[in-house]
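Numbering (UniProt numbering), first residue to last: 1 to 405.
Using N, Cα and C, we set each Cβ at its ideal position, and we do this for glycine too.
In this text the structure is predicted, and so the values were computed from the model without any measurement.
One structure is given here, and the rest of the page talks about it.
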Amino acid sequence: MKELELVYQCTYTSFVSYVYGEELGVCITWNNDWNAVIMVLFPSFVNGLARTVSIKKEKNCKREDGRTAAEELAKEARKSELLLSSSGVVRSTKANNFASVFTNRGRKGVNQDRLLVWEEFGCQQDIMFCGVFDGHGPWGHFVAKRVKKLVPTILLCNWQENLAATSLDLDFKMEADRHIHGLNVWKQSYIKTYAAVDQDLKQQTGFDSFLSGTTALTIIKQGEYLITANIGDSRAVLATASEDGTLTPHQLTTDFKPNLPQEAERITQCRGQVFSLEDEPGVYRVWMPNGKPPGLAISRALGDHCMKEFGLISVPDVTQTKITTRDQFVILATDGVWDVISNQEAVEIVSATPHKEKAAQKLVKCAIREWKRKKSGIAMDDMSAICLFFHSFPSQKLPAIKTVD
1 MKELELVYQC TYTSFVSYVY GEELGVCITW NNDWNAVIMV LFPSFVNGLA
51 RTVSIKKEKN CKREDGRTAA EELAKEARKS ELLLSSSGVV RSTKANNFAS
101 VFTNRGRKGV NQDRLLVWEE FGCQQDIMFC GVFDGHGPWG HFVAKRVKKL
151 VPTILLCNWQ ENLAATSLDL DFKMEADRHI HGLNVWKQSY IKTYAAVDQD
201 LKQQTGFDSF LSGTTALTII KQGEYLITAN IGDSRAVLAT ASEDGTLTPH
251 QLTTDFKPNL PQEAERITQC RGQVFSLEDE PGVYRVWMPN GKPPGLAISR
301 ALGDHCMKEF GLISVPDVTQ TKITTRDQFV ILATDGVWDV ISNQEAVEIV
351 SATPHKEKAA QKLVKCAIRE WKRKKSGIAM DDMSAICLFF HSFPSQKLPA
401 IKTVD
């Protein structure tokens, strides 16, 4: 059948369609003004995404489902140096932001931390994905690796699905309504994604997630907004310069520890227990009924299926933050860093690093030094960090900033 292409482009009240003489599905993308751009695609992409604005027959898109398409996008991004899952720098020529990434193995065996930065996430020039995953347990490194692979691709598919399902008939008269809707779409997508990933872990045969799991902290930078999703005790901290030049940290995430009131209440209602051991004062853990191990120091995680019926959940906390001209960068790091470095110290270390490409490495190296000083005799944890900079390119110095004493 002869190929026919129709194109329309505007906001929520209209859409973009590509008609190819076959039964069609719908996908939607967003520009940095949160305006909907809707694409009608082949059925196999209803759950997925378009590689580019035009779809070519020779790509065999019809035979790919959404997840396969997302995985192919990830491979292409890696080839283009837009995706990084180890120490280094990710930069884009199309956006004035970049990320510094660094990880260090502790003294407990294999490094169970995993990181991922994906510039131009899903071929969207204004979207960047960052994630840190801190595995634990005998198979924790395998769990974290699997989660790192699945979360961005499944999230991309779910985001497209939710946009298609909720945005066709919406007409927002207020800009705030668009942003609220955008957050809700991301929130629904994240919740669905984490549930799917947790189920995938349960069905794995190459490793066992019954006694192993991982945290999952991710940030989506979309235009001038940050969408943060978190389970576990990895942390995101935003550095903001005040009018007098003082650099102030703003913690974007909650450290989901078992002794938080709302977490402890849920756990006890599910027959789990929360307490600390005599040799670990102040370190509260989730325990099975009658105090049976394992004891987890976090109240939310992917994996750890032995604890799911006792109050441990994999539901992420999803929030949205608007980036201002005063916001300089955001730090994502695993708890090995935050155990010995305060939020204020972290932003000062990153801000004082002359070459911003090495900011994450500098932060982790400082944390290693502090661990040796503050926790001598205790096996050092794995430490990983991502520093995502706004309004600047690599090797560009940030504005002079005074720090808090």
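(request) Compare the beta carbon distance of residue 117 and residue 141 with 8 Å and say whether it is the shorter of the two. (result) no
(request) Following the continuous beta strand (DSSP E) through residue 134, name the residue where it begins and the one where it ends. (result) 127 to 136
(message) Need the endpoints of the alpha helix (DSSP H) that residue 335 sits in, please.
(response) 335 to 338
(request) At 3 residues or longer, and completely inside the stretch 250 to 325: list those beta strand (DSSP E) runs for me, N to C. (result) 273 to 276, 284 to 287, 317 to 322
(request) State the Cα-Cα distance for the pair residue 241 and residue 324, rounded to the nearest angstrom. (result) Computed Cα separation, rounded: 10 Å.
(request) Compute the Euclidean distance between the alpha carbons of residue 119 and residue 292, then round it to the nearest angstrom. (result) 44 Å
(request) Classify residue 358 as helix, strand or coil using the three-state DSSP reduction. (result) In this structure, residue 358 counts as helix in the three-state DSSP scheme.
(message) Quick check on residue 205: does DSSP put it in helix, strand or coil?
(response) coil
(request) State the beta-bridge partners of residue 330 as determined by DSSP. (result) 238, 388
(message) Please state the DSSP three-state secondary structure of residue 119.
(response) strand
(request) Tell me whether residue 373 sits in a helix, a strand or coil according to DSSP, three-state version. (result) Looking at residue 373 - three-state DSSP - the assignment turns out to be helix.
(request) Using beta-carbon positions only, say whether residue 407 and residue 99 come within less than 8 Å of one another. (result) Look at the range of the chain in this structure, 1 to 405, and you will see that residue 407 is not part of it.
(request) Let me know if residue 45 comes out buried or exposed under the rule of 16 or more other beta-carbons within 10 Å of its beta-carbon. (result) Residue confidence for residue 45 is low, a pLDDT of 35 falling below 50, so the modelled location carries little weight and cannot support an answer.
(request) Whole angstroms is fine: what's the gap from residue 139's alpha carbon to residue 71's? (result) 24 Å
(request) Please classify residue 153: does DSSP put it in a helix, a strand, or coil? (result) helix
(message) When you measure from the CB of residue 334 to every non-hydrogen atom of the ligand HEM, does any distance come out below 7 Å?
(response) The ligand HEM is not part of the structure shown, which contains no ligands of any sort.
(message) Among the candidates 156, 317, 207, whose CA atom is the shortest distance from the CA of residue 215?
(response) 317
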